[in-house]
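Undergrad:
2 protein chains.
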Amino acid sequence: MTENQNPIGFGIMGCAEIARKVSRAIHLAPNATLVAVASRSIHKAKQFAIKNKLSDNVKLYGSYDEMLDDPLVDAVYMPLPTSLHVKWAVIAARKGKHLLLEKPTALDVKMFDEMLKACESNQLQFMDASMWYHHPRTAKMKELILNLELFGHVKVIHSSSSYHGTTQFLENDIRVKPDLDALGALGDAGWYCIGAILWTMNQKLPTTVAALPSTIRNSAGVILSCNASLYWDEEETVATFYCSFISHETMDLSVCGSNGSLHVEDFIIPYEENCATFSFTSGAKFVDMHIGWNVKPQEVQVATQLPQEGMMIQEFSRLVKGIKDLGLQPDTKWAETSRVTQLVLDAVKNSIDNGYKAIQMYTTKLDV
Amino acid sequence: MTENQNPIGFGIMGCAEIARKVSRAIHLAPNATLVAVASRSIHKAKQFAIKNKLSDNVKLYGSYDEMLDDPLVDAVYMPLPTSLHVKWAVIAARKGKHLLLEKPTALDVKMFDEMLKACESNQLQFMDASMWYHHPRTAKMKELILNLELFGHVKVIHSSSSYHGTTQFLENDIRVKPDLDALGALGDAGWYCIGAILWTMNQKLPTTVAALPSTIRNSAGVILSCNASLYWDEEETVATFYCSFISHETMDLSVCGSNGSLHVEDFIIPYEENCATFSFTSGAKFVDMHIGWNVKPQEVQVATQLPQEGMMIQEFSRLVKGIKDLGLQPDTKWAETSRVTQLVLDAVKNSIDNGYKAIQMYTTKLDV
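So the protein sequences, as listed, match chains A and B.
Each residue of the first sequence is one higher than the one before, starting from 0 at the first, in numbering that gives the first Met the number 0.
Each residue of the second sequence is one higher than the one before, starting from 0 at the first, in numbering that gives the first Met the number 0.
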């Protein structure tokens, strides 16, 4: 397989728990290979290598800088705490490394733009590590939502992303620490809801964003749970979402159009790796006397050989390979996807911090 | 069967389309019998009798007053336009008829209380004709939501009730006419969402209600589509809903607790009459490396012999029979259920009419 020749060399920068999943994905993707792992201590890097049964060929570094100087590292996967993203993304970009960045991308769009500028001025591919975009189920859902006859115009969207953190998580995880991941549940779980809503709307920014007066924070002020609404005035489309660290696990996306509707309850991480489903209904009406429906939702099944994180690595590597081997430009699609998500996230945060006032948004062109 | 002896005699007051379903339900319920149908014209009553193959024993009236004087009519089912409810409910109550009233119950709680006072002072049973409360699936869902171990505390609720009206509907139906059903989609479809949310919260009124800035009205000012949020400060629970006449058919209820979650997509009218389902998940966690879930949602199936509208008639008739034959008091549960729904509906309307401001609510005891 041509793809297997000269695979893209990845360096993992930070041994967070999620890095285990991405390390496996790099192993599974046919056009990628893991060449290095760096932690702030060589001991942690070694532990990671043992736990994940990494090949002896993978180099282990006890500092990020050292790994960034390794010429075999084409791209870095960066699962660092959000507050460290700008610093290290900019350094990595200056050293010519393509960037697969864990979400939330930044604490605000200003920091995001700094990273993006560093990537763009060095001709580097940027992508955030939201995996669900890459599952073929996502493409299938999009195909149906875009089918004007079957689905009509998108009228309303609702998404929920939550899990119940353990006591250990709620006391010690980086995602509840104001100096590490100050965006809390909004940044971690809300990122997916906002992303899914914008994905449904073809990345168009809403006219208005307003948080609902229901935010729950921990004693350090970090958001544990919140709700928000988004509105597009031209389309008259409305979306709501809920994200939380203190509720049962949900990964819901419901989209209702004028002619059809779609529901999925595991959109972020499918229940199973090989096959994912969603339910789709079109043209539903009541039967005579309203004692039932003319159609029941159809369960659409979508198989995948590579798990979605493997698909993500494959897609990112394909783009990096195009730049590296064929002199192509970076694909800006992924940066734009991340940037609108960040903009809406900032607006929700702004609304929460300002008494839940409605934030007017404007279509902001990518201009960095 | 004892129930079959001396069944409760029903009079249907108004030949709306929905009366066909209720007429059938009266026929199916073992403790009820249809004794009369009234319309403003005897011709319409006759047409209704023919279309629904009513027995020759069913008396047909060309005026509501005449039917209300029939001593064989114990109870009336009233599917009149909402603006006519108060007038006719009060007349019916004065003539000693128990009242099964189509929803929305009234244009506001003041009118609702007038009807309720008339029923109570005449020792009459009141119930609104929301059928879904009576399906055994609803009881099963409640059982699981109340299970503290499996479900935990209710954190967030989302509901959607919509259908896409035909051009004919959107131009001529009583539900889009300001003089007939001025509450539009909020009254018709939103009634169910509000009811389902309050049902989840054991009929406790929210602290705050706010419509989202997304209401769509027709040229006469009647609501075609709107969204709102509800918040309970003591429980820190939040709910959102969407109701619409211009979207594909949805009947969604999602409830997420701290330990479990529940989804149903046909809660108002089940897809099929004999068996209804919902999905339930408890204790869901990611498996190692977050590549899947430890449990998939369970599809809970609940069979019913009588369709839910038959169950409704049976329950209403049971209560009427208790009053009539055993001298029991009317059961106030159903009036309270309707009244909190009406109060929240009024608050949503108030919010919409006042620039989407948040409406503070207070626990209002039933006091009429």
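Just so it is clear, CB atoms sit at the ideal spot from N, CA and C, and this is done for glycine as well.
None of the values given here were measured: they were computed from a predicted structure.
(1) Can you round the beta-carbon distance between A/SER260 and A/ILE245 to whole angstroms, since I take them to be within the 8 Å contact cut?
(2) Chain B beta carbons: is any one of them nearer than 8 Å to that of A/SER350?
(3) Have a look at B/TRP198 and A/TYR76 and give me their C-alpha separation to the nearest angstrom.
(4) Could you round the C-beta distance between A/LEU67 and A/ILE90 to whole angstroms and report it? I think they count as a contact, below 8 Å.
(5) Which residues in the same chain have their Cβ closer than 6 Å to the Cβ of B/ALA238, if we skip the five residues on either side of it in sequence?
(6) Using a Cβ-Cβ distance under 8 Å, would A/VAL208 count as near chain B?
(7) Determine whether the Cβ of A/MET311 lies closer than 8 Å to any Cβ atom of chain B.
(8) Could you pull out every unbroken beta strand (DSSP E) segment of at least 3 residues lying fully inside the segment 69 to 104 of chain B, listed in chain order?
(9) How is B/GLU235 classed by DSSP in three states: helix, strand or coil?
(10) Pull up the CB-CB distance for B/ASN293 and B/VAL286, whole angstroms please, since I reckon it's below 8 Å.
(11) Consider the Cβ of B/MET288: report whether some Cβ of chain A lies at a distance smaller than 8 Å.
(12) Buried or exposed, going by whether 16 or more other CB atoms sit within 10 Å of the CB of B/ARG19?
(13) Let's test the definition: count the other Cβ atoms within 10 Å of the Cβ of A/PRO70 and tell me whether it reaches 16, buried, or not, exposed.
(14) Less than 8 Å between the C-beta atoms of B/PRO269 and B/LEU27, yes or no?
(15) What's the call for A/CYS255, buried or exposed, on a 16-neighbour Cβ count within 10 Å?
(16) Nearest to A/GLU264 by alpha carbon, out of B/PHE277, B/GLU272 and B/LEU145?
(17) Does the beta carbon of B/HIS262 sit closer than 8 Å to a beta carbon anywhere in chain A?
(18) With 8 Å as the threshold, decide whether the Cβ of A/ASN217 is near any Cβ in chain B.
(19) Which residues in chain A sit within 8 Å of B/ASP265, going by Cβ to Cβ distance?
(20) Hey, is B/GLY183's beta-carbon within less than 8 Å of any beta-carbon in chain A?
(21) Name, going along the chain, the residues of the segment 238 to 262 of chain A whose beta-carbon falls closer than 8 Å to a beta-carbon of chain B.
(22) Of the residues that make up the segment 160 to 179 of chain A, which ones have a beta carbon closer than 9 Å to any beta carbon in chain B?
(23) Return helix, strand or coil for A/HIS134, following the three-state DSSP convention.
(24) What three-state label does DSSP hand B/ARG216 in the structure shown?
(25) Look up A/PHE266 in the DSSP assignment and say whether it is helix, strand or coil.
(26) Check whether the Cβ atoms of A/PHE111 and A/GLN341 sit closer than 8 Å, and answer yes or no.
(27) Rounded to a whole number of angstroms, what is the C-alpha to C-alpha distance between A/ALA357 and A/SER350?
(28) Any idea what DSSP makes of B/ILE17, helix, strand or coil?
(29) Output the distance between the C-alpha atoms of B/THR54 and B/TRP87, rounded to the nearest integer angstrom.
(30) So, does the segment 176 to 191 of chain B touch the segment 176 to 184 of chain A, judging by three or more C-beta pairs under 8 Å?
(31) For A/PHE279 versus A/LEU143, is the C-beta distance shorter than 8 Å?
(32) Going by Cα to Cα distance, which pick from A/ASP352, A/ALA35, A/GLU148 and A/GLY13 is closest to A/ILE215?
(33) Within its chain, find whatever has a CB closer than 6 Å to the CB of A/CYS192; leave out the 5 residues flanking it on each side and keep chain order.
(34) Shorter than 8 Å from the beta carbon of A/TYR270 to some beta carbon of chain B?
(35) How is the beta strand (DSSP E) around B/PHE374 delimited, first residue to last?
(36) For A/GLU16, does the count of other Cβ atoms within 10 angstroms reach 16, so buried, or fall short, so exposed?
TA: Let's see:
(1) The pair is not a contact, with the Cβ atoms about 29 Å apart (cut-off 8 Å).
(2) For A/SER350, not one C-beta of chain B is nearer than 8 Å to its own C-beta.
(3) CA-to-CA, the gap between B/TRP198 and A/TYR76 works out to about 47 Å.
(4) With a Cβ gap of about 6 Å, A/LEU67 and A/ILE90 count as contacting.
(5) Closer than 6 Å at the Cβ level, and outside the excluded window around B/ALA238, lie ILE156, ILE196 and LEU229.
(6) The Cβ of A/VAL208 sits no closer than 8 Å to any Cβ of chain B.
(7) A/MET311 is outside the set of residues whose beta carbon lies under 8 Å from a beta carbon in chain B.
(8) Scanning the segment 69 to 104 of chain B for uninterrupted beta strand (DSSP E) segments of 3 residues or longer gives 74 to 77 and 97 to 100, listed from N- to C-terminal end.
(9) Coil at B/GLU235, not helix or strand.
(10) Contact flag correct, Cβ pair sits at about 6 Å.
(11) Yes, B/MET288 lies at the interface with chain A (some Cβ there is under 8 Å from its Cβ).
(12) B/ARG19 should be labelled buried.
(13) In this structure A/PRO70 is exposed. Its beta-carbon is surrounded by fewer than 16 other beta-carbon atoms within 10 angstroms.
(14) Contact: no.
(15) Burial state of A/CYS255 is buried, judged by a 10 Å Cβ sphere holding 16 or more other Cβ atoms.
(16) Check the Cα spacing between A/GLU264 and each of B/PHE277, B/GLU272 and B/LEU145: the tightest is with B/PHE277.
(17) At least one chain A Cβ lies under 8 Å of B/HIS262.
(18) In terms of beta-carbon proximity, A/ASN217 stays away from the interface with chain B, with every pair separated by 8 Å or more.
(19) Within chain A, the residues near B/ASP265 are TRP292.
(20) No, B/GLY183 does not count as interfacial toward chain A.
(21) Residues passing the 8 Å Cβ filter: THR239, TYR241, SER243, ILE245, SER246, HIS247, GLU248, THR249, ASP251, SER253, CYS255, GLY256, SER257, ASN258, GLY259, SER260 and HIS262.
(22) Residues of the segment 160 to 179 of chain A with a Cβ closer than 9 Å to any Cβ of chain B, in chain order: SER161, TYR162 and HIS163.
(23) DSSP places A/HIS134 in coil when its eight states are reduced to three.
(24) In this structure, B/ARG216 counts as strand in the three-state DSSP scheme.
(25) Here A/PHE266 sits in coil by DSSP.
(26) Less than 8 Å divides the Cβ of A/PHE111 from the Cβ of A/GLN341.
(27) Distance between the alpha carbons of A/ALA357 and A/SER350 is about 6 Å.
(28) Secondary structure at B/ILE17: helix, using DSSP grouped into helix, strand and coil.
(29) One point to set straight first is that residue 54 of chain B is Ser, not Thr, in the sequence displayed. Spanning the two alpha carbons is a distance of roughly 26 Å.
(30) Result no; under three Cβ-Cβ pairs closer than 8 Å.
(31) Yes. Within cutoff.
(32) For A/ILE215, the closest C-alpha among the options A/ASP352, A/ALA35, A/GLU148 and A/GLY13 is that of A/ASP352.
(33) A distance below 6 Å between beta-carbons, with the five flanking residues on each side excluded, links A/CYS192 to the following residues of its chain, in chain order: SER158, SER160, PHE240 and CYS242.
(34) A/TYR270 counts as touching chain B.
(35) The structure shown does not extend to residue 374 of chain B, since chain B is modelled only from 0 through 367, so no value can be given for it.
(36) When all chains shown are included, A/GLU16 counts as exposed.
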